[in-house]
Each structure stands twice: as C-alpha cells, then as structure tokens.
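All letters in the sequence shown, in the order written, are residues 6 to 410 by this note's numbering.
This report concerns only the one structure given below.
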Amino acid sequence: MKTNIFDESWRKSVKAEYEADKLNYEKAEKYALIFLSETLEIENRIEGNRIFCPEMNMSVTPHVTGLADHKSGISFVIYSPEFGDEMYEHSTGIGDDTVQAVEVAVCSFAYSFIDGLVKMNGKAGEKDSDTEIATIFGGKTHKWRAYFSDVVTIGGAPDVGGAEYYWNKLKKLILKRLGNRKICYVKVYLDRAGGDITGECRVDDALSMELSILLVNEVSKWKVKGFASHKLYFFIRQEDETLNSYPYAGEEGRILLKKKIKTAMDLFYEADTEEKYEQLLTNMKKSLDDDILAFECYSLLPEICAENAFRNVRHSEAIDIFIGDKPARQVYKNQLTDYWPMSRIFFDILNSGAYGSHTEELYKRYVDTSAIKNALEQLGQKGVKPENVKMEPLEFRAEKGFEVR
Numbered sequence: 006m007k008t009n010i011f012d013e014s015w016r017k018s019v020k021a022e023y024e025a026d027k028l029n030y031e032k033a034e035k036y037a038l039i040f041l042s043e044t045l046e047i048e049n050r051i052e053g054n055r056i057f058c059p060e061m062n063m064s065v066t067p068h069v070t071g072l073a074d075h076k077s078g079i080s081f082v083i084y085s086p087e088f089g090d091e092m093y094e095h096s097t098g099i100g101d102d103t104v105q106a107v108e109v110a111v112c113s114f115a116y117s118f119i120d121g122l123v124k125m126n127g128k129a130g131e132k133d134s135d136t137e138i139a140t141i142f143g144g145k146t147h148k149w150r151a152y153f154s155d156v157v158t159i160g161g162a163p164d165v166g167g168a169e170y171y172w173n174k175l176k177k178l179i180l181k182r183l184g185n186r187k188i189c190y191v192k193v194y195l196d197r198a199g200g201d202i203t204g205e206c207r208v209d210d211a212l213s214m215e216l217s218i219l220l221v222n223e224v225s226k227w228k229v230k231g232f233a234s235h236k237l238y239f240f241i242r243q244e245d246e247t248l249n250s251y252p253y254a255g256e257e258g259r260i261l262l263k264k265k266i267k268t269a270m271d272l273f274y275e276a277d278t279e280e281k282y283e284q285l286l287t288n289m290k291k292s293l294d295d296d297i298l299a300f301e302c303y304s305l306l307p308e309i310c311a312e313n314a315f316r317n318v319r320h321s322e323a324i325d326i327f328i329g330d331k332p333a334r335q336v337y338k339n340q341l342t343d344y345w346p347m348s349r350i351f352f353d354i355l356n357s358g359a360y361g362s363h364t365e366e367l368y369k370r371y372v373d374t375s376a377i378k379n380a381l382e383q384l385g386q387k388g389v390k391p392e393n394v395k396m397e398p399l400e401f402r403a404e405k406g407f408e409v410r
C-alpha cells in the first residue's frame with residue numbers, strides 16, 4: 006500500500022508541467038519523486054524532496070544529474086539507521102524522449118537496488134538469505150548473509166539464470182573487501198553496444214578496478230545486436246553476533262564523526278611549520294580522543310586528496326599497515342569502517358565554504374603532503390606519464406597497540 010500527502014491532481018499537474026519543459030532539472034526531479042513513489046511496491050509517502058518508507062524506516066532522495074533528449078541520469082541517496090550509513094546509487098535511463106528516460110532510470114533503480122534492499126529487510130516475514138558466508142578481519146570471525154537482487158536486463162543480453170551467476174564469479178574478491186561494516190552493497194553493471202563495452206563493479210559505491218576487469222572480460226564475450234545490459238546488486242549484512250560496536254554509528258555518530266574530522270582539518274591547517282607538523286599526530290590524538298581516527302586522518306586524508314587530484318592514475322585498492330615491529334598487514338580500503346565516510350565528510354566540509362578563500366590552499370597542502378604526489382613526481386622525472394601508472398599499495402606505520410577498525 007502506498008500513502009501520500011498529495012492528491013491526484015497535484016501529481017497530474019507536476020507531470021504536465023514537466024512534460025512541457027522536459028530539460029528542466031527541478032521539474033524533472035519532482036516528477037522522478039512522484040514516479041518513484043508510484044513505482045515502489047512497498048508502502049511509502051512523499052516528504053518534501055524525499056520518499057519515506059515506514060516499514061523499513063528508510064528514506065530515498067533522488068537528484069537529477071543529467072538530462073538530454075533521450076537520456077537521463079539520477080542519483081539516489083538511501084538512508085536508514087538500520088544500515089549504519091548512507092547508500093548511494095546512480096541510475097541512467099534511455100528512452101524515446103526525456104520523460105521516458107527519467108521513468109526508465111527510476112524503474113531500473115526500483116526493480117534492482119530497492120528490490121534487493123526489500124529482500125534483505127525481509128518480506129512477508131521471510132528473511133532467508135541467498136547465501137551465508139564468513140570472513141576474518143581484525144583477528145575475529147565475521148558472519149554474513151548475502152541477498153541478491155533480480156538481474157535487470159535490457160536488450161538481448163544473455164540469460165545467465167540469475168544473480169548467482171555473477172556472485173560465483175566475483176565472490177572471492179568481494180569477500181576480501183569485507184571488514185566490520187554492518188552492511189556492504191555491491192553493484193554489478195555490464196553493457197555492450199557493438200564494440201563499445203562497459204564492465205563496472207562498485208563496492209559501497211567505490212569503483213573496484215579489480216572486479217570491474219572481470220566484468221569487462223565477461224561482457225566482451227556477448228554476441229548481441231544493438232544495446233544490451235545487465236544490472237544487479239548484492240546486499241551483504243553482518244550478523245549482530247559478530248558485529249563489533251562502532252563509535253560513530255547512527256545519526257548522532259555521524260554528527261560526532263564530522264565534528265572530529267573538522268577538528269583534524271583545523272589542526273592540519275594550523276600546522277604551517279615543520280615544528281608544528283611534527284606534533285600534528287600527537288595533537289590530533291589529544292583533540293579527537295580517538296587514536297585510530299587520529300592516525301587515519303593524519304595518514305589517509307592527504308592520500309585521499311591526492312587520489313582525487315590525480316584521477317588518471319590507477320590507484321591501489323589496498324594499503325599496507327605496519328603496526329609496531331610486526332610485518333606489514335594488507336587491508337582493502339573498503340575494509341576500513343572509517344575510510345569512505347571520512348572521505349565523503351572531508352570533501353563535504355571542504356566544499357561547504359568552511360575555509361573560505363583558504364580552501365584551495367588547504368587542499369593543495371594536503372596533496373603536497375601525500376606520498377602519492379611524491380611518487381608521481383619521481384616517476385615523472387623518469388618520463389613516466391600518470392595515465393600509465395599503476396600504484397602499489399601505500400605503506401603506513403602505526404604505533405604498537407594500534408587496531409585496524
């Protein structure tokens with residue numbers, strides 16, 4: 006059952022206004038909101054610029070990112086306290102006109118991403134997973150249940166019999182990326198139009214080249230006429246019994262994490278001499294009252310900035326951490342619970358204008374401090390172009406007693 010605070014005449018009015026001005030982003034966004042509400046097969050209501058689904062305590066906020074005569078792009082932000090963090094998805098639609106393209110983008114999202122989420126949340130009292138798995142992270146065993154969405158197929162893409170086909174191909178590398186998050190979500194997308202092929206795999210919305218290459222190899226085998234594609238999702242939820250507590254869980258936790266990252270950025274900005282920089286990590290530990298987060302802000306934020314600055318470089322998806330005098334321990338960035346939330350919060354703060362006219366200066370200082378820029382400069386002196394660089398995992402040294410979170 007769907008509920009809504011708006012009457013049917015309002016819906017028709019919004020649709021008519023958009024059809025008369027098809028490339029208007031604001032009107033397209035309002036129409037996408039209505040169409041998504043009507044498409045979802047779970048109870049929902051429109052609240053401002055978002056849809057709220059009470060059964061799942063979940064909100065979905067669409068943002069139109071691109072419009073053309075026969076194409077649309079829509080980003081969706083999905084949030085529920087039960088998920089532990091926001092989820093992000095981008096959907097593209099192609100149609101006879103822009104209106105239909107918006108509808109296709111919405112349907113593609115609803116019948117794949119939301120389909121998988123509803124399955125994970127349990128429907129009609131059923132909570133059976135598609136498979137159960139176990140991993141080891143932080144010296145502890147973590148148990149998970151994985152749920153597969155339907156495979157959304159366009160054109161003459163081959164019948165693979167369901168999402169399990171891709172799960173079996175990607176499972177080994179996906180498991181390596183599981184840390185201690187409550188939920189991990191994986192997007193699988195393949196398309197082919199003649200000689201143009203796309204294979205894209207995202208883990209928690211972060212592009213994985215290692216996994217994507219496997220999909221490129223797969224789609225290159227397709228024998229199709231015209232455009233054809235597959236899109237599906239895996240939602241992997243950790244069992245409560247093995248989930249380690251996280252200090253920044255929930256809405257209050259996210260607010261606290263943002264406050265601490267802002268403090269770390271302030272301390273970095275103030276460390277404008279060699280003497281101050283030498284004391285930076287110590288000062289971060291004192292001010293943040295979280296030695297793990299302090300180490301991550303000190304070590305990882307410069308590299309996160311550098312990866313953003315040098316996007317034409319293939320950066321490693323893993324890092325090596327030396328703890329005390331122990332051998333290096335390799336972990337994937339996806340395994341670090343703080344990594345992607347910290348990255349998003351950092352750029353949100355940077356782009357908010359919090360540092361005014363000093364924003365560019367702060368960003369440049371972060372990049373200049375990074376090991377990535379130093380390595381690229383050395384390679385550049387040897388005549389190596391950035392686009393030909395495949396970075397090895399970066400190395401970080403932590404004090405004895407440090408724990409990977």
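For each residue, glycine too, the CB sits at the ideal point set by N, CA and C.
Fair warning: this is a prediction, and the values are worked out from it, not measured in the lab.
Length of the line joining the Cα atoms of residue i and residue j
i: I179; j: A380; result: 29 Å
i: A359; j: K230; result: 51 Å
i: Y194; j: K236; result: 5 Å
i: L219; j: G204; result: 8 Å
i: S42; j: L272; result: 45 Å
i: Y84; j: L38; result: 16 Å
i: L367; j: V318; result: 22 Å
i: D245; j: I188; result: 11 Å
i: E24; j: L175; result: 42 Å
i: S250; j: A299; result: 18 Å
i: I326; j: N173; result: 30 Å
i: G385; j: K378; result: 10 Å
i: Y196; j: S225; result: In the sequence as presented, Tyr is not what sits at residue 196; that position holds Asp. Taking the straight line joining both Cα atoms gives about 9 Å.
i: A129; j: A168; result: Bear in mind that a pLDDT of 40 at A129, under 50, signals an unreliable position, so the number given afterwards is only what the model happens to contain. Using only the alpha carbons, I get a separation of about 22 Å.
i: E283; j: F352; result: 25 Å
i: A198; j: I159; result: 11 Å
i: L285; j: K32; result: 48 Å
i: S18; j: K291; result: 57 Å
Closer than 8 Å to chain C by CB, residue i
i: D209; result: Considering every chain present, this structure includes no chain C. It has just one protein chain.
Classification of residue i by the beta-carbon crowding that lies within 10 angstroms, buried from 16 upward
i: R242; result: buried
i: K395; result: exposed
i: D120; result: buried
i: R410; result: buried
i: V389; result: exposed
i: P391; result: exposed
i: D133; result: exposed
i: L212; result: exposed
i: D295; result: buried
i: L28; result: exposed
i: T278; result: exposed
i: T287; result: exposed
i: E137; result: exposed
N-terminal and C-terminal residue of the alpha helix (DSSP H) that residue i is part of
i: T44; result: Y30 to T44
i: E137; result: Counting along the chain, E137 falls outside any alpha helix (DSSP H), though it belongs to the beta strand (DSSP E) covering T136 to F142.
i: A314; result: D296 to A314
i: T268; result: G255 to E275
i: Q105; result: T103 to F114
i: S217; result: M214 to V224
i: G121; result: D120 to N126
i: Y282; result: E279 to E283
Terminal residues of the beta strand (DSSP E) in which residue i lies
i: R402; result: L399 to A403
i: Q383; result: Segment A376 to Q386 is the alpha helix (DSSP H) holding Q383; no beta strand (DSSP E) there.
i: D149; result: According to the sequence provided, residue 149 is Trp. The question's Asp does not apply to it. Segment K145 to F153, the beta strand (DSSP E) holding W149.
i: P67; result: M63 to L72
i: F57; result: R55 to C58
i: E236; result: First, the residue type needs correcting, since residue 236 is Lys and not Glu in the sequence shown. K236 -> beta strand (DSSP E) spans F232 to Q243.
i: G78; result: K76 to Y84
i: L195; result: I188 to A198
Candidates the options, of which the one nearest residue i by Cα
i: Y253; options: C310, V208 and G89; result: G89
i: A115; options: I56, K32 and G184; result: I56
i: G78; options: P86, T97 and N62; result: T97
i: S321; options: K331, N339 and K27; result: N339
i: R259; options: W345, V156, T44 and K32; result: W345
i: A333; options: V389, P307 and A403; result: A403
i: K331; options: G406, L298, R150 and N126; result: G406
i: T66; options: A198, I324, E279 and Y36; result: Y36
i: D210; options: S80, V336, E169 and D294; result: S80
i: Y93; options: V111, S64, E400 and V82; result: V82
i: A311; options: E408, S154, E382 and E283; result: E382
i: L306; options: E400, E137, E31 and M270; result: M270
7 Å Cβ shell around residue i - same chain, five flanking residues per side excluded
i: T146; result: A139 and T247
i: G71; result: S77 and G78
i: I350; result: L262, K263 and I266
i: N62; result: S85, P86 and E87
i: F342; result: It should be pointed out that residue 342 corresponds to Thr in this sequence rather than to Phe. Within the same chain, T342 has close Cβ partners G184, N185, R186, Y251 and R410.
i: I10; result: Note on I10: pLDDT 45, under 50, position unreliable in the model; the coordinate value appears next. Taken in chain order, the residues that qualify are R50 and I51.
Own chain residues within Cβ distance below 8 Å of residue i, not counting five before or after
i: S217; result: G204, E205 and C206
i: A323; result: Q335, V336, Y337, K338 and P398
i: K228; result: none
i: G161; result: V229, K230, G231 and A233
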